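To keep things clear, I will list the structure first and then write my remarks on it.
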């Protein structure tokens with residue numbers, strides 16, 4: 002009785018538009034609806050601009066599912082309402098991947114892969130919502146870190162606390178520890194050698 006009252010909301014990722022041969026089970030369709038709902042609420046509450054590595058998987062899943070459903074034969078190009086809903090879902094997920102790509106390289110790569118699968122109309126709509134830079138390098142550049150790790154006070158010498166200097170200090174400590182261990186090695190005395 003309670004289950005009859007809990008009807009799942011309509012699916013905007015398009016799983017109902019899929020023909021019977023490839024239609025996912027009811028549980029998968031419901032899970033996709035819930036995923037889309039949670040991601041929309043997350044976007045409204047927090048936006049996608051801060052780094053969250055968990056979002057990459059969910060956004061790419063939603064984007065891929067939406068693209069597959071937009072390319073199905075059962076979604077007619079004349080069905081403007083369904084295509085508009087699917088495009089809005091796709092744009093939200095790609096925008097999320099783009100924003101996450103500012104923090105996480107995998108998100109940037111996923112965004113490019115999904116962008117390559119999008120139609121020109123979708124890319125035009127995406128450009129209205131993001132400041133897409135086509136000249137961004139695909140391969141990430143390595144940055145030599147000079148970030149001061151443990152500075153607490155301004156009076157401290159920040160150059161002493163860079164990653165490079167900290168590793169040198171750690172290596173020096175490791176060498177000193179090895180030297181002190183070698184001094185502590187017990188060497189047999191002459192009496193024990195003669196007894197043995």
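In my numbering, the protein residues as written are 2 to 197. The beta-carbon is built from N, C-alpha and C at its ideal position, and this holds for glycine as well. Please read these numbers as outputs of a predicted model, since none were measured by experiment.
Cβ-Cβ distances below 8 Å link residue 92 to 123, 126, 127, 130 in the same chain, with the five nearest sequence neighbours on each side left out; the list follows chain order.
In this chain, the alpha helix (DSSP H) harbouring residue 122 covers 121-130. Contact between residue 111 and residue 57 holds, with the beta-carbon distance rounding to 6 Å and staying under 8 Å.
CA-to-CA, the gap between residue 107 and residue 77 works out to about 33 Å.
In this chain, the alpha helix (DSSP H) harbouring residue 38 covers 27-47. A direct Cα-Cα distance of roughly 56 Å separates residue 41 from residue 177. Taking a 10 Å sphere around the C-beta of residue 72, we find fewer than 16 other C-beta atoms and assign the residue as exposed. According to the DSSP assignment, residue 69 belongs to the alpha helix (DSSP H) that extends over 56-71. For residue 101, the uninterrupted alpha helix (DSSP H) run begins and ends at 81-101, by DSSP. The C-alpha of residue 69 lies about 15 Å from the C-alpha of residue 34.
Sequence-distant partners of residue 117 (beyond 5 residues in either direction) whose C-beta falls short of 7 Å from its own C-beta are missing from its chain.
Distance from the CA atom of residue 28 to the CA atom of residue 101, rounded to whole angstroms, is 29 Å.
In the displayed model, residue 76 falls within coil according to three-state DSSP, outside both helix and strand. Cβ atoms of residue 60 and residue 98 come within 8 Å of each other, at about 5 Å.
Here residue 105 is near residue 54, since their CB atoms are less than 9 Å apart. In the three-state scheme derived from DSSP, where H, G and I count as helix and E and B as strand, residue 117 is classed as helix.
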